[in-house]
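Letter by letter, the sequence shown follows residues -22 to -1, 1 to 257 in mature numbering (1 follows the signal peptide of the UniProt record, and there is no 0). Data first, discussion second: the structure below is written as structure tokens.
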Amino acid sequence: MVMLAAFLALAVWMFGGAITSAEPHSSAGVGGSRQAAGSGESVDPGELVAAETPEGEDAAVPADVVRPAASDTVSDTTPDAAAVARAGTRGNAAHVDPAWASEQAARTGIPLRALLGYAGAELAMRSEAPGCRIGWSTLAAIGRLESGHGTHGRSSLGDDGVARPAILGPDLDGEQFDRIDDTDGGVLDGSPATDRAVGPMQFIPSTWQEWRADGNADGIADPQQIDDVSLAAARYLCNSGDLSDPAAWRSAVFAYNHVDAYVDAVAAAASDYAERARG
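In structure tokens form, the structure reads like this:
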């Protein structure tokens, strides 16, 4: 109940203004009780947590979803192909089949540019770490809880996948959340005294330095860019092993944010996307 209360308190911050998944008086950071930015999406985290299994049992891991189809080129055979081409001209997103992306964006309600980032990361991990078996729906669920897919506050994802204005969590100064002294000189989070979680997937600066990725192949690892952070998050989660195994999946998400209720909420959100994706 303490963990659940802590998560719901964070959810109020997330959906009312912003969120840091750092649990009060716990370790904050990817790899601790780390993340969460805010969300502009209209979603009640209490309803997501309520979807967990009966007391004493773990919430189920998300069901398998329709897998993204890889495409070497962006075709012009779908109405939204032009938008897909603008959004995924390079990197992982460019390899997601445009027809699949358009259909699943419509079915799930996930913004197209965000979905391309999540699906592109799954495709990349199929080659990089085939034994991980991470699904885009898990990344989408985390992105939904952390920042409403990059729409927290006044932010939105551009065609280049960058969140503008930048998504920044609250100062981790020991008041509401554990204190994390500055690790980046304020370069990523604008705070020279303490750290703040940054970007659509809410990485702590020190964790971003360890797991940073260049998912859009522009030569820059940007914590505000959806392809970059989706790939970084996928690699971080895959560090826990085969995510088709329920125990490994829960361990991976718990490592992302050390709050059991958060894991349950991610499972519920991912399952919701799986159901919508199947139509």
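Positions of the beta carbon are idealized from the N, C-alpha and C atoms, including for glycine.
Task: Residue(s) in a DSSP beta bridge with residue 244 - done: As a first step, residue 244 must be located in the sequence shown, where it is residue number 266. The partner list for residue 244 (beta bridge, DSSP) is empty, contrary to what the question assumes.
TODO: May I have the straight-line CA-CA distance separating residue 170 from residue 95, to the nearest angstrom?
DONE: By 1-based counting over the sequence shown, the position of residue 170 is 192. By 1-based counting over the sequence shown, the position of residue 95 is 117. Inter-residue distance for residue 170 and residue 95 is about 30 Å (C-alpha atoms, whole angstroms).
Task: Where the alpha helix (DSSP H) through residue 204 begins and ends - done: For the purposes of this step, residue 204 is taken as residue 226 along the sequence shown, with counting starting at 1. 204 to 216 is the span of the alpha helix (DSSP H), which, as asked, contains residue 204.
TODO: Tell me whether residue 222 sits in a helix, a strand or coil according to DSSP, three-state version.
DONE: Residue 222 sits at position 244 when you count from the first residue of the sequence shown. DSSP places residue 222 in coil when its eight states are reduced to three.
Task: Cβ-Cβ distance between residue 196 and residue 110 below 8 Å - done: Numbered from 1 along the sequence shown, position 218 holds the residue referred to as residue 196. Numbered from 1 along the sequence shown, position 132 holds the residue referred to as residue 110. Annotated as distal: residue 196 and residue 110, with beta-carbon spacing of 8 Å or more.
TODO: Determine the closest residue to residue 181 out of 124, 116, 172, with distance taken between C-alpha atoms.
DONE: The residue given as residue 181 occupies position 203 in the sequence shown. Nearest C-alpha to residue 181: 124.
Open item on the list: Just to confirm my understanding: we take residue 204, look at its own chain, exclude 5 residues before and 5 after, and list those with CB closer than 7 Å. What are they?
Closed with: Position 226 of the sequence shown, counting from 1, holds the residue named residue 204. For residue 204, where only same-chain residues beyond five positions count, the Cβ hits under 7 Å are 91, 92, 95, 128, 135, 139, 178.
Task: Among 116, 137, 115, 148, the one whose alpha carbon lies nearest that of residue 130 - done: Residue numbering aside, residue 130 sits at position 152 when the sequence shown is read from its first letter. Selected option, being the one with the closest Cα: 148.
Task: Contact belief for residue 119 with residue 240 at Cβ below 8 Å, rounded distance in angstroms - done: Position 141 of the sequence shown, counted from the first residue, corresponds to residue 119. Position 262 of the sequence shown, counted from the first residue, corresponds to residue 240. Actually they are not in contact, since the Cβ atoms of residue 119 and residue 240 sit about 10 Å apart, beyond 8 Å.
Open item on the list: Quick check on residue 225: buried or exposed, where buried means 16 or more other Cβ atoms within 10 Å of its Cβ?
Closed with: Looking up residue 225 in the sequence shown gives position 247. Classification for residue 225: exposed.
Open item on the list: Using 8 Å for Cβ pairs, my map puts residue 206 next to residue 191. What's the rounded Cβ distance?
Closed with: Within the sequence shown, numbered from 1, the residue matching residue 206 stands at position 228. Within the sequence shown, numbered from 1, the residue matching residue 191 stands at position 213. Residue 206 to residue 191, Cβ: 5 Å. Contact.
- [ ] Keeping to the same chain, check which residues put their C-beta closer than 7 Å to that of residue 216; ignore five residues upstream and five downstream.
- [x] For the purposes of this step, residue 216 is identified with residue 238 of the sequence shown, where counting begins at 1. Result list for residue 216: 103, 107, 110, 112, in chain order.
- [ ] Spell out the partners DSSP gives residue 140 in its beta bridges.
- [x] Here residue 140 refers to the residue found at position 162 when the sequence shown is read from its first residue. Per DSSP, 203.
TODO: Compute the distance between the beta-carbons of residue 79 and residue 97, then report whether it is under 8 Å.
DONE: Along the sequence shown, read from residue 1 onward, the residue named residue 79 stands at position 101. Along the sequence shown, read from residue 1 onward, the residue named residue 97 stands at position 119. Pairing residue 79 with residue 97 gives a Cβ-Cβ distance under 8 Å.
Open item on the list: Less than 8 Å between CB atoms is the rule here; does residue 117 satisfy it with respect to chain D?
Closed with: No chain D appears in this structure, which consists of one protein chain only.
TODO: Taking the CB atoms as reference points, tell me whether residue 213 and residue 186 lie closer together than 8 Å.
DONE: As a working note, residue 213 is residue 235 in the sequence shown. As a working note, residue 186 is residue 208 in the sequence shown. No, Cβ-Cβ distance for residue 213 and residue 186 is not below 8 Å.
Open item on the list: So, for residue 209: in the same chain, excluding its five sequence neighbours on each side, which residues have a beta-carbon less than 7 Å away from its beta-carbon?
Closed with: Translated into the one-based positions of the sequence shown, residue 209 becomes position 231. Correct list, in chain order: 70, 99, 102, 191, 193.
TODO: Report whether the distance from the Cβ of residue 83 to the nearest heavy atom of the ligand NAD is below 7 Å.
DONE: The model on display carries no ligand, and the ligand NAD is accordingly not part of it.
Open item on the list: Helix, strand or coil, according to DSSP, for residue 117 in the structure here?
Closed with: Working through the sequence shown from its first residue, we reach residue 117 at position 139. In this structure, residue 117 counts as helix in the three-state DSSP scheme.
TODO: Starting from the Cα of residue 88, find the closest Cα among 115, 72, 76 and give me that residue.
DONE: Taking the sequence shown and counting its residues from 1, the one referred to as residue 88 is at position 110. The residue with the shortest Cα to Cα distance from residue 88 is 115.
TODO: Leaving out five residues on either side along the sequence, give the residues of the same chain with a beta carbon under 7 Å from the beta carbon of residue 167.
DONE: The residue you call residue 167 lines up with position 189 of the sequence shown. 146, 173, 174, 176, 183.
Task: Three-state secondary structure assigned by DSSP to residue 237 - done: Your numbering for residue 237 matches position 259 in the sequence shown. Reduced to three states, the DSSP call for residue 237 is coil.
- [ ] Could you check if residue 84 is buried or exposed, using at least 16 other CB atoms within 10 Å of its CB as the buried criterion?
- [x] Taking the sequence shown and counting its residues from 1, the one referred to as residue 84 is at position 106. The residue is exposed, with fewer than 16 neighbouring Cβ atoms inside 10 Å.
- [ ] Look at the alpha carbon of residue 137 and the alpha carbon of residue 222, and state the distance between them as a whole number of angstroms.
- [x] By 1-based counting over the sequence shown, the position of residue 137 is 159. By 1-based counting over the sequence shown, the position of residue 222 is 244. Near 32 Å, if we compare the C-alpha coordinates of residue 222 and residue 137.
TODO: Identify the continuous alpha helix (DSSP H) that holds residue 185 and give its terminal residues.
DONE: Taking the first residue of the sequence shown as position 1, residue 185 is located at position 207. Residue 185 -> alpha helix (DSSP H) spans 183 to 189.
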